[in-house]
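First up is the structure itself, then whatever we jot down about it.
Protein chains: 2
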Amino acid sequence: MPGTLEELSSSKAFGGNLIKYRFKSAALGGLDAKFNLFLPANAETSNVPVIFFLAGLTCTEDNGAQKGNFLGPAAKEGIAILFTDTSPRGAGIEGEDDDWEFGTGAGFYLDATNPKYALYYKMRTHIQFEIPQVLEISGLPIDVKRMSIFGHSMGGHGALCIYLASKSQQFRSASAFAPISNPINAPWGQKAFAGYLLTGLNEAKEQYDATELISRHSDPVHILIDYGTADQFYKAGQLLPENFLDAARKAGYDEAQVRVREQKGHDHSYYFVSTFAEDHVHFHAKFLKA
Amino acid sequence: MPGTLEELSSSKAFGGNLIKYRFKSAALGGLDAKFNLFLPANAETSNVPVIFFLAGLTCTEDNGAQKGNFLGPAAKEGIAILFTDTSPRGAGIEGEDDDWEFGTGAGFYLDATNPKYALYYKMRTHIQFEIPQVLEISGLPIDVKRMSIFGHSMGGHGALCIYLASKSQQFRSASAFAPISNPINAPWGQKAFAGYLLTGLNEAKEQYDATELISRHSDPVHILIDYGTADQFYKAGQLLPENFLDAARKAGYDEAQVRVREQKGHDHSYYFVSTFAEDHVHFHAKFLKA
């Protein structure tokens, strides 16, 4: 049955468990989808809040779980972390495995409208609606009324866009490590939008560009962003966090609502992510436990 | 020049830096060897102690650095961590890439005496003598008089054997996550010894079996071991930590000198390692800062 969770593995960690699940995803055209879920010890006695973690280009549901240093801090806070995949797997579309920045491992957290991809590449729907629904019907000890979202690089783009698209109501807070913050003005984003979307940048401006979205946003938000000055992709103009910050300030959001921090000397790797992981979990915990 | 360090990359992490080095290894027959070194912030002003981390089968110098959760705890303690590789790379010996538990990625931290492997497979010498020497001549801010050693699985075997072989003087303390503790009585060890060593188990008993070594040891020791009851390799009889514990007690070592902890429900993965990483770093810090 679609949405029925199959447990693939379970590893005890930090007093809780890291469990890998698989299910038939309607959003992804019936393909198998996987995610990792860290449940802290307190999930044995009550429903716990959850933070969704969205990984970057080339990653799977494993990278953040293994390298992100999130489990210890989440265990301390008594919060679950759900690690999603970055694209459909095995769609069999011609050319989808040819590039590392497009196709498999690079779904860009959007719903494709180009017919070539539209049947399978619906990562936005998968993450924003399908997984929360699956959690709700699964009987897992997750309180889907208390969710936040964060991500790394392409996953930071996904987290910010999904948060803002949901009018910051479905998710209580968003944060990002080195996010692709203004993809309509960056090579990775332009390539992805041209490939996945029928009208390319026009659709992207409406739905898939965090800088565009924040400039039109008016509801209160809770956003934290970190990026490193030694990040090769930042230096190459793929991330553009300053554009997001400028747009947020122009839209009237102050430091209390949108905080963008430059981290001196840090690069794009999970060594950077893991350094600030505890800080981000703590940021979300404030809103999830409020 | 042999032993000259070439910096391949550097990532800021937890206030310090994770640096990958390469050098021509005399011990490994002139092949390139790599290691990762985490230097905490205080290494900028003074020489710091170091813990060597030895990884398990199939791993490289990256696994422990990326997944072990050691950097944060090491930063807090002001201690360096050095992550070694698990075998020579590119020796070109017939069949060395055929199995995951022998050859490439599976050097077993011994000095091969079988002529087929002896020119390159000298991981014991590489780690016990060559890397400390390279550190000393490199000018890196490491105090080679204050070293400890730990490892995971095959790396736990390596850490315990090198520690005991050095009469627990070169290294101040040893610890291990799910170590192969009595390899002469386990399939992985028996296969490795039969392949790498001219006289197989005879040489292994002398030098490469932690249970044999502790049974003949009389100097004071500081050893901590954790293993999980849900570990598939423990259950398959590859690890045999009880044999090590029995031998240690028979040799007169009490709980204060040799502590072996059964961790309920934990498996063999880095989720297990990362859970107890801080505890192990703290254990070594006591002796490194004494």
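Order-wise, the sequence lines are chains A and B.
With the numbering used here as the guide, the letters of the first sequence map in order to residues 1 to 290.
With the numbering used here as the guide, the letters of the second sequence map in order to residues 1001 to 1290.
Beta carbons: idealized from backbone N, C-alpha and C, even for Gly.
These numbers were taken from a predicted model, which means no experiment stands behind them.
Original post:
Going by DSSP, which residues form a beta bridge with Val1258/B?
Top reply: Ile1223/B
**OP:** Measure from the C-beta of Leu1008/B to each C-beta in chain A and report whether the shortest distance is under 7 Å.
**Re:** no
Original post:
According to a CB-to-CB cut-off of less than 7 Å, which residues of the segment 1014-1031 of chain B neighbour chain A?
Top reply: Phe1014, Leu1018
Original post:
Does DSSP put Asp231/A in a helix, a strand or coil?
Top reply: coil
**OP:** Report yes or no: do the segment 216-229 of chain A and the segment 250-269 of chain A share at least 3 C-beta pairs separated by less than 8 Å?
**Re:** yes
Original post:
Could one say the Cβ of Lys1067/B lies closer than 7 Å to chain A's Cβ atoms, at least one of them?
Top reply: yes
Original post:
Roughly how far, in whole angstroms, is the beta-carbon of Phe1244/B from the beta-carbon of Arg1172/B, given that I think they are within contact range, below 8 Å?
Top reply: That pair is no contact at about 19 Å.
Original post:
Do Ile81/A and Phe38/A have their C-beta atoms closer together than 7 Å?
Top reply: yes
Subject >> Ala33/A beta carbon less than 7 Å from that of Gln122/A >> reply: Going by the sequence as given, residue 122/A is Lys instead of Gln. Going by C-beta atoms, Lys122/A is not nearer than 7 Å to Ala33/A.
**OP:** Tell me whether Ile1137/B is buried or exposed, calling it buried when 16 or more other Cβ atoms sit within 10 Å of its Cβ.
**Re:** exposed
**OP:** Can you tell me which of Gly1158/B, Glu1077/B, Lys1167/B, Asp1143/B puts its alpha carbon nearest to the alpha carbon of Ala1178/B?
**Re:** Gly1158/B
Original post:
Nearest to Ser1269/B by alpha carbon, out of Pro73/A, Leu5/A, Glu6/A, Ile19/A?
Top reply: Ile19/A
Original post:
Going along chain B, which residues have a C-beta under 7 Å from Tyr270/A?
Top reply: Gln1066
Subject >> Test: Asp1226/B CB closer than 7 Å to a CB of chain A >> reply: no
Original post:
Opposite Glu1215/B in the DSSP bridges: which residues?
Top reply: Strictly speaking, residue 1215/B in this sequence is Ser, with Glu absent from that position. None, per the DSSP bridge assignment.
**OP:** Output yes or no for whether 7 Å exceeds the beta carbon distance between Val1134/B and Gly1003/B.
**Re:** yes
Original post:
Do Ser175/A and His280/A have their C-beta atoms closer together than 7 Å?
Top reply: yes
Original post:
Are three or more beta carbon pairs between the segment 1180-1187 of chain B and the segment 1149-1158 of chain B nearer than 8 Å?
Top reply: yes
Original post:
Helix or strand or just coil, what does DSSP make of Asp1279/B?
Top reply: helix
Original post:
Under 9 Å Cβ-Cβ, which residues of chain B neighbour Lys12/A?
Top reply: Gly1228, Ala1230, Gln1263, Lys1264, Gly1265, His1266, Asp1267, Tyr1271, Phe1272, Thr1275
**OP:** In angstroms with no decimal places, state the Cα-to-Cα distance between Arg1249/B and Asp1209/B.
**Re:** 16 Å
Original post:
At which residues does the alpha helix (DSSP H) containing Lys1116/B begin and terminate?
Top reply: 1115-1118
Subject >> C-beta contact flag for Pro49/A and Ile79/A at 7 Å >> reply: yes
Subject >> Other residues of its chain near Thr1199/B: CB distance less than 6 Å, five sequence neighbours each side excluded >> reply: none
Subject >> chain A contact residues for Gly1155/B, given Cβ-Cβ distances below 9 Å >> reply: None at all; the shortest Cβ gap to chain A is about 17 Å.
Original post:
What three-state label does DSSP hand Gln1190/B in the structure shown?
Top reply: helix
Original post:
Which residues in the same chain as Leu164/A place their Cβ atom closer than 8 Å to its Cβ, once the five residues preceding and following it in sequence are excluded?
Top reply: Ala174, Ala210, Leu213, Ile214, His217, Val221
Subject >> Reference Phe53/A; option with closest CA among Gly151/A, His284/A, Tyr196/A >> reply: Gly151/A
Original post:
What does DSSP give as the partner residues of Asp32/A in its beta bridges?
Top reply: Lys24/A
Original post:
Would you call Ala277/A buried or exposed, if buried means 16 or more other Cβ atoms sit within 10 Å of its Cβ?
Top reply: buried
Original post:
For Gly151/A, which residues in chain B fall below 7 Å Cβ to Cβ?
Top reply: Chain B residues near Gly151/A: none, gap ~18 Å exceeds 7 Å.
**OP:** Select from the segment 71-89 of chain A all residues with a C-beta closer than 8 Å to any C-beta belonging to chain B, and list them in chain order.
**Re:** Leu71, Gly72
**OP:** Determine, using beta carbons only, whether Thr84/A and Ile149/A come nearer to each other than 7 Å.
**Re:** no
**OP:** Return the CA-CA distance between Gly103/A and Thr113/A, expressed in angstroms with no decimal places.
**Re:** 14 Å
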